[in-house]
Amino acid sequence: MPPRTIDSLGVDISTRYAQDQKILDQKLIKEARSIPPQTEIDSTTIFYPSELDQLFHMDQRGIVWGEVDEPPLYAEQTRRIFTSQIVPSLGSEEKREKQIQRIHAIAGKQESESKRPESENYDFAWQKVQLKTQRNEEAKKLEEMFATLSLLEKDYSEITSYRSQYQKG
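Just so we're aligned: the sequence shown equals residues 874 to 1042 in my numbering.
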């Protein structure tokens, strides 16, 4: 049997290889976003753990505690104080929407409570209007902050996926 080389395989094989590489690259980008920050591995570690590391649980990063499903909200409960992320994760899009709805609900609830006659202890009417505008401004600022952090989180995940793609070669 003569030895087989790449040039003897034909054009179909090269075309198939190029198509597979396109699918693989897209798959890497999509899958990189689904990897939670809990699975990050530091490239440098301290040989002797200090008491400060033990106090802040920095030595327990990535310890597998069992081969069972993790409890609900486990990833949020085990957040360490120090991470390598620039932007904290706000969770899924649904969770962010719920948080924004809660902000609006709280602002609306406070506004409806201030309309009750027994709670009118303002000296002047302008104080009530000023308080209402302050609450609306705070709700708007929080909503803008969520939108900005959401964009930063998307950018960060895209950068991370490209970085891991280029590191793999």
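Glycine residues also receive a C-beta, built at the ideal position from the N, C-alpha and C atoms. On a predicted model such as this, the values are computed, not experimentally measured, just so you know.
Inter-residue CB distance, residue i and residue j (contact presumed, cutoff 8 Å)
i: A1020; j: I976; result: With a Cβ gap of about 12 Å, A1020 and I976 do not count as contacting.
Exposure of residue i, with buried meaning 16 or more beta-carbon neighbours within 10 Å
i: E1026; result: buried
Pair within 8 Å by beta-carbon distance, residue i and residue j
i: E1016; j: I979; result: no
i: D898; j: Q1038; result: yes
i: R969; j: S1023; result: yes
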